[in-house]
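Undergrad:
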Amino acid sequence: MNQKTVPVRFTLNGESRAVDVPAGMTVVKLLRDVLKLKGTKVGCGIGECGACTILVDGKAVNSCLMPAAQLDERDVRTIEGMASEDSLHPIQEAFLENHSVQCGFCTPGLIMSTKALLDENPDPSFEDISRAISGNLCRCTGYRHVFDSIKDAAQRKAGRER
Amino acid sequence: MMEELEYIRPGSLEDALTFLEANGGETKILAGGTDVMVDLRAGQIRKRYLLDVSRLEELKGIALCDEGLCVGAGVTISEIDSSGVLSRYAPTLQKCARTFASPQIRNVATIGGNVAHCSPCGDTIPPLVIHGARAVLLSRKGRRDVPVEAIASGPYACSLPSEELIVKFVLKPEPELTFADFIKIGRRKALAIARISLAAMARQAEDGMIDYLRVSLGSCTPTPWRVEEVENFLIGRKPTGKLLWEAGKILAEKTIAITGRRPSAVYKEPAVQGLLVKMLLPLASK
Chain G
59 MNQKTVPVRF TLNGESRAVD VPAGMTVVKL LRDVLKLKGT KVGCGIGECG
109 ACTILVDGKA VNSCLMPAAQ LDERDVRTIE GMASEDSLHP IQEAFLENHS
159 VQCGFCTPGL IMSTKALLDE NPDPSFEDIS RAISGNLCRC TGYRHVFDSI
209 KDAAQRKAGR ER
Chain Z
115 MMEELEYIRP GSLEDALTFL EANGGETKIL AGGTDVMVDL RAGQIRKRYL
165 LDVSRLEELK GIALCDEGLC VGAGVTISEI DSSGVLSRYA PTLQKCARTF
215 ASPQIRNVAT IGGNVAHCSP CGDTIPPLVI HGARAVLLSR KGRRDVPVEA
265 IASGPYACSL PSEELIVKFV LKPEPELTFA DFIKIGRRKA LAIARISLAA
315 MARQAEDGMI DYLRVSLGSC TPTPWRVEEV ENFLIGRKPT GKLLWEAGKI
365 LAEKTIAITG RRPSAVYKEP AVQGLLVKML LPLASK
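Line by line, the protein sequences give chains G and Z.
To convert, note that position 92 of the first sequence is 150 in the numbering used here; the numbers rise steadily by one, no gaps.
To convert, note that position 263 of the second sequence is 377 in the numbering used here; the numbers rise steadily by one, no gaps.
(1) Among the residues of its own chain, which have a CB less than 7 Å from the CB of Z:THR238, if the five just before and after it don't count?
(2) What residue range does the alpha helix (DSSP H) around Z:PRO234 cover?
(3) For G:SER106, return the contacting residues in chain Z, with the cut-off set at a CB-CB distance below 7 Å.
(4) If contacts are defined as beta-carbon pairs under 8 Å, then Z:SER333 and Z:ARG309 qualify, I think. What distance do you get, rounded to the angstrom?
(5) Based on DSSP bridge pairs, tell me the residues matched to G:GLN61.
(6) Note down, in chain order, all residues in the segment 78-98 of chain G with a beta-carbon under 7 Å from any beta-carbon belonging to chain Z.
(7) Would you call Z:TRP339 buried or exposed, if buried means 16 or more other Cβ atoms sit within 10 Å of its Cβ?
(8) Specify, as a first and last residue, the run of the alpha helix (DSSP H) that G:PRO148 falls within.
(9) Would you report the Cα separation of G:ASP210 and G:LEU123, rounded to the nearest angstrom?
(10) What does DSSP give as the partner residue(s) for Z:ALA294 in the beta ladder?
(11) By a C-beta neighbour count over all protein chains shown, 10 Å radius and 16 as the cutoff for buried, is Z:MET115 buried or exposed?
(12) Between Z:LEU397 and Z:PRO287, is the Cβ-Cβ spacing less than 8 Å?
(13) Let's see if you can read the secondary structure: which residues bound the alpha helix (DSSP H) around Z:ILE61?
(14) The beta strand (DSSP E) spanning G:PRO80 covers which residue range?
(15) Taking G:VAL203 as the reference, which of G:THR136, G:ALA174, G:GLU151 has the closest Cα?
(16) Leaving out five residues on either side along the sequence, give the residues of the same chain with a beta carbon under 6 Å from the beta carbon of Z:ARG123.
(17) Ordered along the chain, which non-local residues of its own chain (more than five positions away) have a Cβ less than 8 Å from that of Z:PRO384?
(18) Using the rule of at least 16 other Cβ atoms within 10 Å of the residue's Cβ for burial, across every protein chain shown, is G:HIS157 buried or exposed?
(19) Can a CB atom of chain Z be found closer than 8 Å to the CB of G:SER171?
(20) Spell out whether any CB of chain Z is found under 8 Å from the CB atom of G:MET124.
(21) Against Z:GLN158, what residues of chain G qualify as contacts under a CB-to-CB distance less than 8 Å, listed in chain order?
(22) Check for me: the beta strand (DSSP E) holding Z:TYR381 runs from which residue to which?
(23) Answer yes or no: does any C-beta atom of chain G fall closer than 8 Å to that of Z:GLY147?
(24) Any idea what DSSP makes of Z:ALA249, helix, strand or coil?
(25) Indicate whether at least one CB of chain Z lies closer than 8 Å to the CB of G:GLY193.
(26) Applying the criterion that 16 or more other CB atoms from any shown protein chain within 10 Å of the CB defines a buried residue, is G:LEU146 buried or exposed?
(27) Any idea if Z:THR148 is buried or exposed, counting beta-carbon neighbours within 10 angstroms, 16 or more meaning buried?
(28) Can you name the residues that DSSP bridges to Z:PRO261?
(29) Here's the rule: buried if 16 or more other CB atoms are within 10 angstroms of the residue's CB, otherwise exposed. What is Z:THR109?
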């Protein structure tokens with residue numbers, strides 16, 4: 059089916075964007091195919107794996123399930139908006155140093171879910187972490203390293219804010 | 115000429131109803147998009163318009179009101195999960211939100227969408243049914259209230275006329291419960307489509323006698339269902355383990371009576387019975 063376009067203005071990783079998107083286009087298609095930000099991954103495309111997780115107004119969402127037209131006036135953060143010019147984000151550092159990255163396909167989504175968690179809860183328990191990443195599948199690590207990374211990231215963030 | 119899919123975001127409830135009056139038959143209502151976008155991609159939606167109601171303030175909010183406990187149709191599952199009002203007055207609804215899909219889906223999916231999608235596995239439905247919830251529907255012609263059980267005419271078949279919009283649900287608040295629980299059986303913990311779900315709430319007297327009980331079984335039958343046979347069997351009695359097994363048997367038999375003896379009955383019959391016993395066992399220890 060052909061689709062009419064919708065004008066959408068939103069903030070993407072701190073920069074204003076204005077694009078025309080087809081009515082039924084998903085956010086992840088806009089990010090990857092139109093804006094060429096390939097950090098956000100598509101695993102299942104139906105909201106079961108979490109590889110496409112991004113933040114919209116600070117909340118973790120599946121970008122494969124959200125129509126791009128719904129981004130109008132929203133604040134969007136993707137994995138590309140995590141590192142600064144000269145250093146990685148503390149969550150990224152923690153994931154690298156605790157060996158949470160094997161094939162790496164789930165990593166951007168897990169990092170975005172971690173960011174949503176730590177922004178809301180700087181000192182999460184094991185159960186909090188388990189709940190926060192329950193929508194992100196990882197088939198390599200068995201999650202042990204991921205839990206360690208998130209604990210470590212929380213400590214790093216607390217250290218930096220002091 | 116090939117018709118084009120159009121995205122419409124009404125600025126007010128009035129605008130949405132006006133649009134539906136004129137174009138309801140050609141419109142798919144969109145809120146969180148977690149079901150609609152999957153169906154759209156699969157080519158299962160052949161409508162001209164997507165009407166995005168996710169930003170309508172009139173569909174938001176959870177509060178006790180004159181009519182009962184009002185939950186806006188546009189309330190997200192995350193909002194249900196964190197609602198203090200619901201933990202007090204509708205604890206099973208809150209409990210179903212805790213295990214609903216995943217955090218990413220809970221952040222956008224709405225209760226109105228979960229009900230209107232008419233999946234037999236909709237997690238919010240058994241809790242709504244035990245609270246005697248009715249959906250408040252608005253159209254340009256006015257208001258109509260429909261029990262939640264009556265919205266689905268079959269699996270994924272919504273009986274509501276296309277010019278109507280669900281604006282809220284009105285539940286009977288239950289602040290005086292001594293027991294409330296929601297359990298689902300799925301293939302994994304997160305993101306499980308329920309194979310069987312069960313919601314129950316009860317009030318037990320000091321001596322253990324059940325004087326109030328509501329039970330609804332989800333996922334097993336084509337449309338939502340309050341299991342009054344089980345309620346009537348247990349009300350006025352002091353439950354023991356043996357009595358609960360009998361209640362479970364009634365639940366399993368009634369389920370099979372509705373669905374017929376399908377191949378899955380070999381699993382479902384004992385699973386349904388066992389789930390009821392497992393859930394209600396705390397009542398027997400009193």
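Note that beta-carbon positions come from the ideal geometry of N, C-alpha and C, so glycine has one too.
Since the structure is predicted, the reported quantities are computational estimates derived from the model, not experimental observations.
TA: By the coordinates alone:
(1) LEU207, CYS210, ILE225, ASN228, VAL229
(2) Unbroken run through Z:PRO234: none, as it is neither H nor E.
(3) Going by the sequence as given, residue 106 of chain G is Glu instead of Ser. Simply LEU305.
(4) 6 Å
(5) Z:LEU119
(6) ALA81, GLY82, THR84
(7) When all chains shown are included, Z:TRP339 counts as buried.
(8) Per DSSP, G:PRO148 belongs to the alpha helix (DSSP H) from 148-155.
(9) 31 Å
(10) Z:MET315
(11) Any reading at Z:MET115 must be qualified, since the residue scores a pLDDT of 44, below 50, and its modelled position is unreliable; no value is offered.
(12) no
(13) No answer is possible for residue 61 of chain Z: it lies beyond the span of chain Z, which begins at 115 and ends at 400.
(14) 73-80
(15) According to the sequence provided, residue 203 of chain G is His. The question's Val does not apply to it. Nearest of G:THR136, G:ALA174, G:GLU151 to G:HIS203, Cα basis: G:GLU151.
(16) ASP166
(17) ALA366
(18) exposed
(19) yes
(20) yes
(21) Listed by position along chain G, the residues whose Cβ is nearer than 8 Å to that of Z:GLN158 form an empty set, because the closest Cβ is around 12 Å away.
(22) First-last for Z:TYR381: 379-398, but that is the alpha helix (DSSP H), not the beta strand (DSSP E).
(23) yes
(24) strand
(25) yes
(26) By the neighbour-count rule (16 or more Cβ atoms within 10 Å), G:LEU146 is not buried but exposed.
(27) buried
(28) Z:ARG248
(29) Only positions 115 to 400 of chain Z appear in the structure, and residue 109 of chain Z is not among them; the question remains open.
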